[in-house]
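Chains A and B are the protein sequences, given in the same order. Its first residue numbered 1, the first sequence is counted upward by one per residue in the working numbering. Its first residue numbered 250, the second sequence is counted upward by one per residue in the working numbering.
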Amino acid sequence: MKTVFDKPVSLTDTIVHYCPGCHHGIVHRLIAEVIDELGVAGRTVGLAPVGCSVLAYNYLDFDFQQAAHGRAPAVATGIKRVSPNSVVFTYQGDGDLAAIGTSEIVHAAARGELITVVFINNATFGMTGGQMAPTTLVGQRTTTSPRGRKAELCGHPIRVAEMLSTLDGPAYIARVSVHKPANVMRARKALLTAFRCQIEGTGFSLVEIVSNCPTNWGMTPRESVKWLEENMLPQYPLGEFKVTGGTDQ
Amino acid sequence: MADRVLMKGNEAVGEAAIHAGCRFFFGYPITPQNEIPEYMSGRLPEVGGVFLQAESELAAINMVYGAAGAGGRVMTSSSSPGVTLKQEGISYMAASELPCVVVNMVRGGPGLGGIQPAQSDYFQATRGGGHGDYRTPVLGPASIQELVDLTIAAFDMADRYRTPVVMLGDGILGQMMEPVQFPDEPVTDLPDKPWVTTGKGDGPRRLINSLYLQPEVLEQHNHKLQAKYDEIAATEVRYSENRIADADVVVVAYGTTARIVSTAIDHMRQEGLAVGLFRPITLWPFPGAALAEAVARTRAVLVVEMSMGQMLEDVKLALCSSGVPVHFFGRTGGVVPDPREVAEQVAAILGRDGETT
Numbered sequence: 001m002k003t004v005f006d007k008p009v010s011l012t013d014t015i016v017h018y019c020p021g022c023h024h025g026i027v028h029r030l031i032a033e034v035i036d037e038l039g040v041a042g043r044t045v046g047l048a049p050v051g052c053s054v055l056a057y058n059y060l061d062f063d064f065q066q067a068a069h070g071r072a073p074a075v076a077t078g079i080k081r082v083s084p085n086s087v088v089f090t091y092q093g094d095g096d097l098a099a100i101g102t103s104e105i106v107h108a109a110a111r112g113e114l115i116t117v118v119f120i121n122n123a124t125f126g127m128t129g130g131q132m133a134p135t136t137l138v139g140q141r142t143t144t145s146p147r148g149r150k151a152e153l154c155g156h157p158i159r160v161a162e163m164l165s166t167l168d169g170p171a172y173i174a175r176v177s178v179h180k181p182a183n184v185m186r187a188r189k190a191l192l193t194a195f196r197c198q199i200e201g202t203g204f205s206l207v208e209i210v211s212n213c214p215t216n217w218g219m220t221p222r223e224s225v226k227w228l229e230e231n232m233l234p235q236y237p238l239g240e241f242k243v244t245g246g247t248d249q
Numbered sequence: 250m251a252d253r254v255l256m257k258g259n260e261a262v263g264e265a266a267i268h269a270g271c272r273f274f275f276g277y278p279i280t281p282q283n284e285i286p287e288y289m290s291g292r293l294p295e296v297g298g299v300f301l302q303a304e305s306e307l308a309a310i311n312m313v314y315g316a317a318g319a320g321g322r323v324m325t326s327s328s329s330p331g332v333t334l335k336q337e338g339i340s341y342m343a344a345s346e347l348p349c350v351v352v353n354m355v356r357g358g359p360g361l362g363g364i365q366p367a368q369s370d371y372f373q374a375t376r377g378g379g380h381g382d383y384r385t386p387v388l389g390p391a392s393i394q395e396l397v398d399l400t401i402a403a404f405d406m407a408d409r410y411r412t413p414v415v416m417l418g419d420g421i422l423g424q425m426m427e428p429v430q431f432p433d434e435p436v437t438d439l440p441d442k443p444w445v446t447t448g449k450g451d452g453p454r455r456l457i458n459s460l461y462l463q464p465e466v467l468e469q470h471n472h473k474l475q476a477k478y479d480e481i482a483a484t485e486v487r488y489s490e491n492r493i494a495d496a497d498v499v500v501v502a503y504g505t506t507a508r509i510v511s512t513a514i515d516h517m518r519q520e521g522l523a524v525g526l527f528r529p530i531t532l533w534p535f536p537g538a539a540l541a542e543a544v545a546r547t548r549a550v551l552v553v554e555m556s557m558g559q560m561l562e563d564v565k566l567a568l569c570s571s572g573v574p575v576h577f578f579g580r581t582g583g584v585v586p587d588p589r590e591v592a593e594q595v596a597a598i599l600g601r602d603g604e605t606t
């Protein structure tokens, strides 16, 4: 018998704690697949965020350094400057990256740090019970916007991929999703491109992954995929926003 | 020993760090320490190191955290408001047992405060400053030579105990110039760090972490940290005593305030007053036992600080069962006390014959 598909080597056997239907599981697997395909697991260092994926280090068999909330791009900068041969990636949610960590991500991108950022955008603070995030949609109900987010009270959601693409430092910025098989394959390709950017020294790379949060959206996994398609994708269009360019300006 | 060179304090700190094998610096501009990042930006590339100006003091300390986790000898510097921002990173580094040196050239506070020198960050430096049960060694140099020597010692201490070490200076120390000597040979023998996370290679992967969700495990971790602090307290205390033996009044002061007090003591001694100086050099661990011993036969203690009274509390704690009255004189906000003012305070204490507080 021929094995045509297997769990990637770099994905541990630890059973994940994520909710049923959560897209973290798919993305973890893709990262492991891509790192294994590139053959760099031995020199990879991951930065786990504060959020649902704070325990990502239990599911991926790489060296990991935990980072404070939002600070992963700064910590990654420190690691990469000391150890340029390491493949350094951060894994951050939208609270981590687009709320408390906005300064750190903008400046790491502007400096063109040779790191790769995996940004999970599900429009909520998942781990803490579903509070409003800077990526929450106008009208979306959360525990801190119980009547739906009102633009006149707390503004509009932030499109991180587009925003960072205005900088000259980044070499690759893409927004993908993993809610359907075809999207999963495109997400895998984007992650491969992103990590190659780092390994080949081209520049800073970020892949924003529009994701779900069935539990805090108050939906079944299937309902959450539908809601993502109908509400998230129009707000956060998929595509590649920066494909060429780098730090040698 | 190498030749003596005239150097500004802020630059001497930088050169001392490089001498100690520091090859990574992350910082941010703030008065009165800007010469430190400026100096490092010039010198580090010359020795194959990395200087990076971060987007904030908060980002800088997090870069330090990452650099330390990757095995680098790394330093950051700032002044009071910026050091406040660094408390998050310092707590994480203490918890994760990572080494670094943090230089604070203290200025008047609280809030935006002033840019003139002060000693009002003693609590912040010695009581942890950030959240959680932890300590960091705190060194209080009183001259640029001492700043150089203690900076070199700080990197060694940081690596030996796997802890951040705080250098508590002030704007005077940072801005003034004095002749200094560097050791003949730079430090080249750096310790092994088998715990760094730069890629697992063929071995099992490593984790640098401070998250312990199980209370019993976190408690155990805290005990482990405490054992380290106990060891540091038992072996790293430093202080200096001057004319203590016959002193009727012992003045306790650190840093540049101690120099002002020294001048005051010179004048007072010439007038026949028996005054001495006890100068803590490690502010944590505080030389409490040595202080209690030093004032065993004195009539009164006067604590002089450029603050509203912070080291004062450690002095009182150390002397609480000694019965010696403890007085305080402080100037703050950036005001620097005059030797004459100190002498007046001592005279007032001595003038109150037999009075106790």
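C-beta: ideal position from N, C-alpha, C; glycine also.
Counterpart residues of residue i in DSSP-defined beta bridges
| i | result |
| --- | --- |
| L301 of chain B | B:F275 |
| E490 of chain B | B:F527 |
| Q430 of chain B | B:R253 |
| I120 of chain A | A:G93 and A:I209 |
| V296 of chain B | Bridge partners of V296 of chain B: none, in fact. |
| F578 of chain B | B:V553 |
| I457 of chain B | A:Q65 |
| P413 of chain B | B:C349 |
| L153 of chain A | Paired residues: none, contrary to the question. |
| D419 of chain B | B:V355 |
| Q594 of chain B | Beta-bridge pairing links Q594 of chain B to no other residue. |
| L11 of chain A | A:L60 |
CB-CB length for residue i against residue j, believed under 8 Å
| i | j | result |
| --- | --- | --- |
| Y341 of chain B | A68 of chain A | 6 Å |
| R147 of chain A | V34 of chain A | Actually they do not touch by this definition, with Cβ atoms about 42 Å apart. |
| A74 of chain A | A303 of chain B | 7 Å |
| V355 of chain B | G418 of chain B | 7 Å |
| I31 of chain A | L60 of chain A | 7 Å |
| P366 of chain B | M555 of chain B | 6 Å |
| L532 of chain B | S511 of chain B | Going by Cβ atoms, the distance from L532 of chain B to S511 of chain B rounds to 18 Å, so no, they are not a contact pair. |
| L347 of chain B | Y314 of chain B | 6 Å |
| S205 of chain A | A319 of chain B | That pair is no contact at about 20 Å. |
| G363 of chain B | G582 of chain B | 6 Å |
| S305 of chain B | S103 of chain A | 6 Å |
| L301 of chain B | R81 of chain A | 6 Å |
Identity of the residue in the options nearest residue i by Cα
| i | options | result |
| --- | --- | --- |
| C197 of chain A | A:I105, A:V160, A:D63 and A:A174 | A:A174 |
| G423 of chain B | B:V573, B:Q394 and B:A597 | B:Q394 |
| P574 of chain B | B:I364, B:T581 and B:R546 | B:R546 |
| I514 of chain B | B:G537, B:E593 and B:V544 | B:E593 |
| I115 of chain A | A:H28, A:Y172 and A:H23 | A:Y172 |
| R253 of chain B | B:L301, B:F577 and B:Q430 | B:Q430 |
| P453 of chain B | A:Y18, A:C19 and A:N58 | A:N58 |
| V138 of chain A | A:T144, A:S145 and A:R149 | A:R149 |
| E162 of chain A | A:V45, A:F241 and A:G25 | A:F241 |
| H156 of chain A | A:V176, A:A99 and A:H24 | A:A99 |
| A567 of chain B | B:V501, B:P413 and B:P348 | B:V501 |
| D96 of chain A | A:E200, A:Y18 and A:A133 | A:A133 |
| I457 of chain B | A:I26, A:F62 and A:H17 | A:F62 |
| R548 of chain B | B:G297, B:P428, B:D408 and B:I598 | B:I598 |
| V54 of chain A | A:R43, A:S145, A:V210 and A:G70 | A:G70 |
| R455 of chain B | A:P84, A:R111 and A:A41 | A:A41 |
| L307 of chain B | B:L334, B:S290 and B:R322 | B:L334 |
| M256 of chain B | B:G362, B:P386, B:V352 and B:S392 | B:S392 |
| G199 of chain A | A:L38, A:G169, A:H17 and A:V243 | Just to set this straight, residue 199 of chain A is Ile in the shown sequence, not Gly. The shortest Cα separation from I199 of chain A among A:L38, A:G169, A:H17 and A:V243 belongs to A:L38. |
| K442 of chain B | B:Y410, B:M426, B:M416 and B:N471 | B:Y410 |
| A495 of chain B | B:F578, B:L522 and B:H472 | Checking the sequence shown, residue 495 of chain B turns out to be Asp, not Ala. Here the closest residue by C-alpha is B:L522. |
CB contact below 8 Å: residue i versus chain D
| i | result |
| --- | --- |
| V27 of chain A | Among the protein chains in the structure shown, which are A and B, there is no chain D. |
Residue i beta carbon near the ligand SAM (any heavy atom closer than 7 Å)
| i | result |
| --- | --- |
| N259 of chain B | The ligand SAM is not among the ligands present in this structure, which contains no ligands whatsoever. |
Output the residue ranges of the beta strand (DSSP E) runs that lie fully inside the region 18-105 of chain A and measure 3 residues or longer, sorted by chain position.
-> 44-48, 63-66 and 87-93
Start-end ranges of the beta strand (DSSP E) lying completely within the region 164-245 of chain A, minimum 3 residues = 170-177, 204-210 and 239-242
Contact between the region 175-182 of chain A and the region 88-108 of chain A: three or more CB pairs below 8 Å?
-> no
Would you say the region 263-278 of chain B touches the region 393-411 of chain B, given that touching needs at least three Cβ pairs under 8 Å?
-> yes
Taking only runs of the alpha helix (DSSP H) that begin and end inside the region 493-522 of chain B, which ones reach a length of at least 4 residues, in chain order?
-> 504-519
Evaluate contact between the region 523-542 of chain B and the region 478-494 of chain B, counting only Cβ atoms and requiring at least three cross-stretch pairs below 8 Å.
-> yes
Only counting runs of 3 or more residues, tell me where the beta strand (DSSP E) segments fall wholly within the region 316-403 of chain B, in order along the chain.
-> 323-327 and 349-355
Quick one: any contact between the region 3-10 of chain A and the region 71-87 of chain A, if contact means 3 or more CB pairs under 8 Å?
-> no
Would you call the region 117-128 of chain A and the region 9-27 of chain A in contact, with 3 or more CB pairs under 8 Å?
-> yes
Quick one: any contact between the region 361-381 of chain B and the region 229-243 of chain A, if contact means 3 or more CB pairs under 8 Å?
-> no
Should the region 324-339 of chain B be regarded as contacting the region 279-299 of chain B, the criterion being three or more beta carbon pairs within less than 8 Å?
-> yes
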